[in-house]
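Enquirer: According to the working numbering, the sequence shown is numbered sequentially starting from 834. For every residue, glycine included, the Cβ atom is placed at its ideal position computed from N, Cα and C. The structure presented is a predicted model; accordingly, all values stated were derived computationally and were not measured.
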Amino acid sequence: MKMRFWLAIAMLWVGCSWADAPNGKDVKMVVTAAFVSESGMPVYREIADYVAGKIGRKAVVVSGASYSEADMLLDRGIIQVGFVCGLPYTHKSSEGKYTLLAIPVVATRSGRFADATSGYENTPGKYYSYTIVRKDSPLQSWADLKGKSYAFSETNSNSGYNMPRYKLVQLGAKSWEDWFSRVLVSGSHEESIRLVSQGIVDASSVDSLVLDYDRSIGNADALNVRIIEQLFPGGAGIPPVVLSSKADPALGLQLQQALLDMHNDLQGRKILDKALLSHFASPDDSNYNDVRRMEAAARKAGFRDFVER
834 MKMRFWLAIA MLWVGCSWAD APNGKDVKMV VTAAFVSESG MPVYREIADY
884 VAGKIGRKAV VVSGASYSEA DMLLDRGIIQ VGFVCGLPYT HKSSEGKYTL
934 LAIPVVATRS GRFADATSGY ENTPGKYYSY TIVRKDSPLQ SWADLKGKSY
984 AFSETNSNSG YNMPRYKLVQ LGAKSWEDWF SRVLVSGSHE ESIRLVSQGI
1034 VDASSVDSLV LDYDRSIGNA DALNVRIIEQ LFPGGAGIPP VVLSSKADPA
1084 LGLQLQQALL DMHNDLQGRK ILDKALLSHF ASPDDSNYND VRRMEAAARK
1134 AGFRDFVER
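1) To which residues of the same chain is Met874 closer than 7 Å at the C-beta, ignoring the five residues directly before and after it?
2) Assuming Glu987 contacts Tyr900 under a Cβ cut-off of 8 Å, what Cβ separation, rounded to an integer in Å, is found between them?
3) According to the neighbour-count rule (16 or more other Cβ atoms, all chains shown, within 10 Å of its Cβ), is Asn1097 buried or exposed?
4) Ends of the beta strand (DSSP E) at Lys861?
5) Would you kindly work out how many angstroms separate the C-alpha atoms of Trp851 and Val860, rounded to a whole number?
6) Rounded to a whole number of angstroms, what is the C-alpha to C-alpha distance between Gly1005 and Gln1089?
7) Write down the C-beta distance between Ile936 and Met862 rounded to the nearest angstrom, noting that I regard them as a contact closer than 8 Å.
8) Taking the C-alpha atoms as reference points, what is the distance between Ser943 and Arg1015?
9) For Ile965, which three-state DSSP category applies?
10) Do the CB positions of Asp1054 and Gly993 come within less than 8 Å of each other?
11) Specify whether the stretch 966 to 980 and the stretch 1065 to 1085 touch according to this definition: at least 3 beta carbon pairs, one from each stretch, less than 8 Å apart.
12) From the DSSP secondary-structure annotation, give me the bridge partner or partners of Arg1137.
13) Measuring CA to CA, which of Ala1131, Val917, Arg1132 and Leu1110 is closest to Ser990?
14) What is the rounded straight-line gap between the Cα of Val884 and the Cα of Arg1027?
15) State the start and end residues of the unbroken alpha helix (DSSP H) segment that holds Ser1078.
16) How many Å lie between Leu933 and His1112 at the Cα?
Take a look at the structure:
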């Protein structure tokens, strides 16, 4: 995955003589696993191709990027559009580096599993952090997780890091080590799910969009974990679609309109169905205030950032 990622970046940096090499008319996009799992990346390739095609362009899609890598590509203007996580969005938008293009709205039928209490229909523009354990685990609550092993995707993740960190603040902890005996950084939500499923760690908190998607396609690891808590009933601002501050604003407006109209088109509707989305909604920065509040609460409480050893 990382080899393909850096090869794609090399192509964007230096150009290439291949038939599908990027040119000035291409729309360069980066897709992280904030929306669907790594297994679902082809679905977001379809979204990228559809949206770019609607404005008479071709999409060049870079996948396999961590949130930090996506930030770097957008910051430098190597990539124009990003499907990113809400936590880095709040950081970069405050610096004037990201413009919000559209907010995905999850289809109400997703998340319909016996251990999930989906609230998508009540809170459009939101998603959730699912705290998971192995299906046959006796663990039932965060109280049971004290002294257990835990994994999260990366420190730049809202559902993987920011939301469970806020949960720990509410429980009176000052660090991850206050609650867990061992903490691993997995690198992705899908890897966190695998670590729990295979008994390598006791628990994790993962992006609801990723787990819902993996379950919908019958992923064995996703079906072998159980949700013990959906953190915060109202959820948090869903991973948005953003435009780099170094990209042409006129291009952003064209892409934004294509995204907002996607559900009204038969082809677009079919692609959205695959992604378990209802539609893309108009940008609203206040949708991400809950992400900001959770991070601010951790800072105010003096919660210590995790440092990988």
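Expert: If we stick to the structure as given:
1) By 1-based counting over the sequence shown, the position of residue 874 is 41. Contacts found: Val864 and Ser896.
2) For the purposes of this step, residue 987 is identified with residue 154 of the sequence shown, where counting begins at 1. For the purposes of this step, residue 900 is identified with residue 67 of the sequence shown, where counting begins at 1. Tyr900 and Glu987 do touch by the CB rule: their CB atoms are close to 6 Å apart, below 8 Å.
3) The count along the sequence shown starts at 1 and reaches residue 1097 at position 264. Asn1097 comes out exposed.
4) Counting from 1 along the sequence shown, the entry for residue 861 is found at position 28. Counted as a single uninterrupted DSSP element, the beta strand (DSSP E) harbouring Lys861 occupies residues Val860 to Val864.
5) Against the sequence shown, residue 851 aligns to sequence position 18. Against the sequence shown, residue 860 aligns to sequence position 27. Summary for Trp851: the model assigns pLDDT 30, below 50, so the residue's position carries little reliability; its value from the coordinates is reported in the next sentence. Rounded to whole angstroms, Trp851 to Val860 spans 17 Å at the Cα level.
6) Taking the sequence shown and counting its residues from 1, one reaches residue 1005 at position 172. Taking the sequence shown and counting its residues from 1, one reaches residue 1089 at position 256. Cα to Cα, Gly1005 sits roughly 42 Å from Gln1089.
7) In the sequence shown, the residue the question calls residue 936 occupies position 103. In the sequence shown, the residue the question calls residue 862 occupies position 29. Contact check for Ile936 and Met862: beta-carbon distance about 17 Å, past the 8 Å limit, so the pair fails to qualify.
8) Position 110 of the sequence shown holds residue 943. Position 182 of the sequence shown holds residue 1015. Summary for Ser943: the model assigns pLDDT 46, below 50, so the residue's position carries little reliability; its value from the coordinates is reported in the next sentence. Going from the Cα of Ser943 to the Cα of Arg1015 covers about 32 Å.
9) One-based indexing of the sequence shown puts residue 965 at position 132. Reduced to three states, the DSSP call for Ile965 is strand.
10) One-based indexing of the sequence shown puts residue 1054 at position 221. One-based indexing of the sequence shown puts residue 993 at position 160. No, the Cβ-Cβ distance between Asp1054 and Gly993 is not below 8 Å.
11) The stretch 966 to 980 makes no contact with the stretch 1065 to 1085, as fewer than three CB pairs between them are under 8 Å.
12) Position 304 of the sequence shown, counted from the first residue, corresponds to residue 1137. Beta-bridge pairing links Arg1137 to no other residue.
13) Within the sequence shown, numbered from 1, the residue matching residue 990 stands at position 157. Residue Val917 is the option with its Cα nearest to Ser990.
14) For the purposes of this step, residue 884 is taken as the residue at position 51 of the sequence shown. For the purposes of this step, residue 1027 is taken as the residue at position 194 of the sequence shown. The alpha-carbon atoms of Val884 and Arg1027 are separated by roughly 32 Å.
15) Taking the sequence shown and counting its residues from 1, the one referred to as residue 1078 is at position 245. No alpha helix (DSSP H) holds Ser1078; DSSP gives it neither H nor E.
16) In the sequence shown, the residue the question calls residue 933 occupies position 100. In the sequence shown, the residue the question calls residue 1112 occupies position 279. Straight-line Cα distance between these residues: approximately 16 Å.
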